[in-house]
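> I'd like to ask some things about the structure below.
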Amino acid sequence: MFQHGAMLAESRFNLDGELLKGVSDGAYWRLLTSAFLHENILHIAFNMYALYLFGPFVEQALGRVRFIAAYLTMSVGASAFVYWLSDPGTLTIGASGAIFGLFGMALILLLKAKQDVTTLLVLLGINAFLSTQGNISWQGHLGGFVFGCLLGVVFAYAPRERRSQVQALAMVAVWIGIIVAVVLRTQQLTG
């Protein structure tokens with residue numbers, strides 16, 4: 002059942018002979034819904050544990066509304082990386098793209114606060130290695146981390162006197178970038 006919301010670039014048939022519509026065929030919801038689906042209890046447990054560890058820190062720094070906006074942006078941004086870098090017939094699911102985004106945001110926030118990042122770098126190193134193992138979307142992890150670092154810079158370093166305006170404009174620019182990337186990849190796959 003998870004296949005109906007999983008990230009899938011091009012349409013394909015599942016094992017039951019049912020056609021699964023891909024992003025390139027208009028199933029754009031997959032760019033977001035894939036982040037809320039998991040393969041099994043262990044998969045969701047690892048992602049939710051990481052969210053438990055890093056989510057409160059990032060949410061406290063950003064505030065609830067900005068945190069939710071950033072989390073959703075990192076989720077879709079990670080899916081856009083998968084869309085560009087994965088084989089078009091690959092199904093991907095899980096919140097780990099957004100989780101890697103939280104790692105990236107936490108790294109930037111900790112660096113700005115001049116805090117020790119050794120533990121986070123070790124955790125990132127371990128997870129980067131694990132991302133190279135089979136059945137793990139290194140593309141989603143990389144995309145989430147890149148978007149997390151990008152948004153971390155936006156949220157941590159926006160000038161205080163124009164913070165909300167700069168952050169809102171940056172979020173709009175990031176979403177325009179994601180949309181353009183998805184449109185270009187769709188044209189490449191269908192063209």
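Be aware that the sequence shown starts at 2, since it is given in my numbering, and climbs by one per residue.
In this text, a Cβ means the ideal position worked out from N, Cα and C, and glycines have one as well.
Owing to the predicted nature of the structure, the values given are computational and were not obtained by experimental measurement.
What would DSSP say about Thr91, mapped onto helix, strand or coil?
coil
> For Leu38, does the three-state DSSP call read helix, strand or coil?
coil
> Only counting runs of 4 or more residues, tell me where the alpha helix (DSSP H) segments fall wholly within the stretch 76-122, in order along the chain.
97-113
> Let me check understanding here. Comparing Cα to Cα, which of Lys113, Glu11, Phe37, His39 lies closest to Asp26?
Glu11
> Contact between the stretch 109-122 and the stretch 86-95: three or more CB pairs below 8 Å?
In short, these stretches do not touch, since the Cβ pair count stays below three.
> For Ser80 and Ser35, which I take to be in contact (beta-carbon distance under 8 Å), what is that distance rounded to the nearest angstrom?
6 Å
> Ala157 lies in the alpha helix (DSSP H); which residues open and close that run?
139-158
> Verify whether the separation of the beta carbon atoms of Ile104 and Gly178 is less than 8 Å.
Ile is not the amino acid found at residue 104; the sequence shown has Phe there. No. Outside cutoff.
> Considering Ile10, what are the terminal residues of the alpha helix (DSSP H) in which it resides?
For the sequence presented, residue 10 should be read as Ala rather than Ile. Ala10 -> no alpha helix (DSSP H), and no H or E assigned at all.
> What did DSSP end up calling Gln189 once you bin it into helix, strand or coil?
helix
> Check whether the Cβ atoms of Phe156 and Leu63 lie closer than 8 Å to each other.
yes
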